[in-house]
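Numbering (the numbering used here), first residue to last: 7 to 321. Inspection log for the structure reproduced underneath, given as structure tokens.
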Ligand SMILES: [Zn+2]
């Protein structure tokens with residue numbers, strides 16, 4: 007068999023690397039896609055980044071993965087979409103796609119007839135994710151967010167898929183691991199569809215931080231070697247810390263957010279983590295910690311709106 011592996015216009019025969027685009031019908035949107043097919047059979051791993059268009063650390067790690075993988079040394083196939091949300095990337099948009107104001111990672115598995123984000127989700131899911139045996143969706147803090155690296159997997163799928171997703175999370179090597187749920191996210195939709203999946207987060211604030219890129223690159227290598235796609239041993243990482251509860255605090259007000267903590271800080275239940283003030287400097291609310299834990303995620307720019315995330319505590 008010398009079958010070509012095809013995603014969108016990208017095609018690769020055994021031992022080949024192919025580049026192309028995946029078009030999203032009815033939107034004019036295309037996303038870049040690379041297919042790297044090994045010479046010998048093996049699992050198909052899908053890697054995506056830039057579902058949020060300004061999370062550059064994941065995007066850079068995906069781009070370097072395309073360049074770094076040698077198809078002659080591969081068993082199986084790796085499909086990489088280094089920037090999924092190309093409209094958001096072009097606009098440097100936080101959270102949402104500028105074409106419809108929707109968060110792409112809340113609309114998976116998408117819809118063929120929906121809004122641009124829903125169509126993008128559908129095209130990616132149907133063409134790149136659905137056929138994979140494992141899925142890694144690289145994220146990080148957005149332009150306005152700092153975070154301590156962590157990996158999420160979905161706990162509500164078939165127990166076999168949950169167990170394999172957890173193994174992938176541990177292999178990836180970021181110490182903080184969260185069994186959680188993000189409704190409409192790509193990794194959750196993939197898990198429900200029977201594909202072991204993880205969402206690793208590293209980096210943030212629009213900074214192309216080499217140390218954070220290295221965390222994602224080590225994680226990708228570790229997962230690929232655990233699955234037998236690339237040769238070589240798994241690079242040992244710090245022992246995993248399984249976070250039991252991941253608590254998101256959100257703003258009830260429009261105004262300015264002034265955090266009093268930094269990512270990585272340990273906090274006590276009831277501790278004041280920050281405050282929200284109005285445009286005249288008057289306090290609108292204090293933000294208190296709902297539990298003992300550590301700050302895994304923090305919004306680091308002042309603007310806040312009702313419903314916006316402020317920070318997250320791993321308890
Ligand atoms: Zn993200």
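Where is the CB? At the ideal position from N, CA and C, for every residue including glycine.
Just verifying my parser: in three-state terms, what is the DSSP assignment at residue i?
{"i": "residue 306", "result": "coil"}
{"i": "residue 130", "result": "helix"}
{"i": "residue 202", "result": "coil"}
{"i": "residue 318", "result": "strand"}
{"i": "residue 105", "result": "coil"}
{"i": "residue 220", "result": "helix"}
{"i": "residue 55", "result": "strand"}
{"i": "residue 240", "result": "coil"}
{"i": "residue 149", "result": "coil"}
{"i": "residue 226", "result": "helix"}
{"i": "residue 329", "result": "The chain is shown only over 7 to 321; residue 329 falls outside these bounds and no answer can be derived."}
{"i": "residue 114", "result": "coil"}
{"i": "residue 173", "result": "helix"}
{"i": "residue 312", "result": "coil"}
{"i": "residue 187", "result": "coil"}
{"i": "residue 123", "result": "helix"}
Please find out if some non-hydrogen atom of ligand 1 comes closer than 7 angstroms to the beta-carbon of residue i.
{"i": "residue 57", "result": "yes"}
{"i": "residue 61", "result": "yes"}
{"i": "residue 298", "result": "no"}
{"i": "residue 111", "result": "yes"}
{"i": "residue 148", "result": "yes"}
{"i": "residue 145", "result": "yes"}
Look up residue i in the DSSP assignment and give the residues it is bridged to.
{"i": "residue 37", "result": "28"}
{"i": "residue 182", "result": "156, 247"}
{"i": "residue 255", "result": "317"}
{"i": "residue 194", "result": "In DSSP, residue 194 forms no bridge with anything."}
{"i": "residue 89", "result": "None, per the DSSP bridge assignment."}
{"i": "residue 282", "result": "263, 291"}
{"i": "residue 81", "result": "46"}
{"i": "residue 298", "result": "For residue 298, which the question treats as bridged, DSSP gives no partner whatsoever."}
{"i": "residue 167", "result": "Looking at the DSSP assignment, residue 167 forms no beta bridge with any residue, so it has no partner."}
{"i": "residue 12", "result": "17"}
{"i": "residue 65", "result": "According to DSSP, residue 65 bridges with nothing at all."}
{"i": "residue 273", "result": "299"}
{"i": "residue 207", "result": "145, 156"}
{"i": "residue 22", "result": "43"}
I'd like the list of long-range same chain contacts for residue i, defined as Cβ closer than 8 angstroms, with 5 residues on each side in sequence excluded.
{"i": "residue 117", "result": "124, 125, 127, 128"}
{"i": "residue 176", "result": "183, 246"}
{"i": "residue 294", "result": "276, 277, 278, 279"}
{"i": "residue 238", "result": "227, 231"}
Spatial neighbours of residue i within its chain, please: C-beta separation below 7 angstroms, excluding the five flanking residues on both sides.
{"i": "residue 240", "result": "177, 228, 231, 232"}
{"i": "residue 133", "result": "13, 14, 28"}
{"i": "residue 315", "result": "254, 256, 305"}
{"i": "residue 271", "result": "300, 301"}
Excluding sequence positions up to five away, which residues of its chain have a Cβ less than 6 angstroms from the Cβ of residue i?
{"i": "residue 54", "result": "87, 90, 143"}
{"i": "residue 72", "result": "40, 86"}
{"i": "residue 219", "result": "63, 66, 67"}
{"i": "residue 30", "result": "125, 126, 129"}
{"i": "residue 298", "result": "274, 275"}
{"i": "residue 23", "result": "42, 77"}
{"i": "residue 3", "result": "The first residue shown for the chain is 7 and the last is 321, placing residue 3 beyond what the model contains."}
Is it true that the segment 226 to 244 meets the segment 266 to 286, where meeting means three or more beta-carbon pairs spaced less than 8 angstroms apart? no
Stretch-stretch touch, CB-based, cutoff 8 angstroms, three pairs: the segment 97 to 113 with the segment 185 to 198: yes
Validate contact between the segment 13 to 31 and the segment 53 to 66 using beta carbons, cut 8 angstroms, 3 pairs: no
Is the segment 193 to 207 touching the segment 260 to 270 in the sense that three or more CB pairs, one from each, lie closer than 8 angstroms? no
Do three or more CB pairs link the segment 83 to 98 to the segment 163 to 176 at distances below 8 angstroms? no
Quick check: the segment 38 to 54 against the segment 75 to 83, are there 3 or more CB pairs under 8 angstroms? yes
Would you call the segment 137 to 154 and the segment 207 to 218 touching, i.e. three or more CB-CB distances under 8 angstroms? yes
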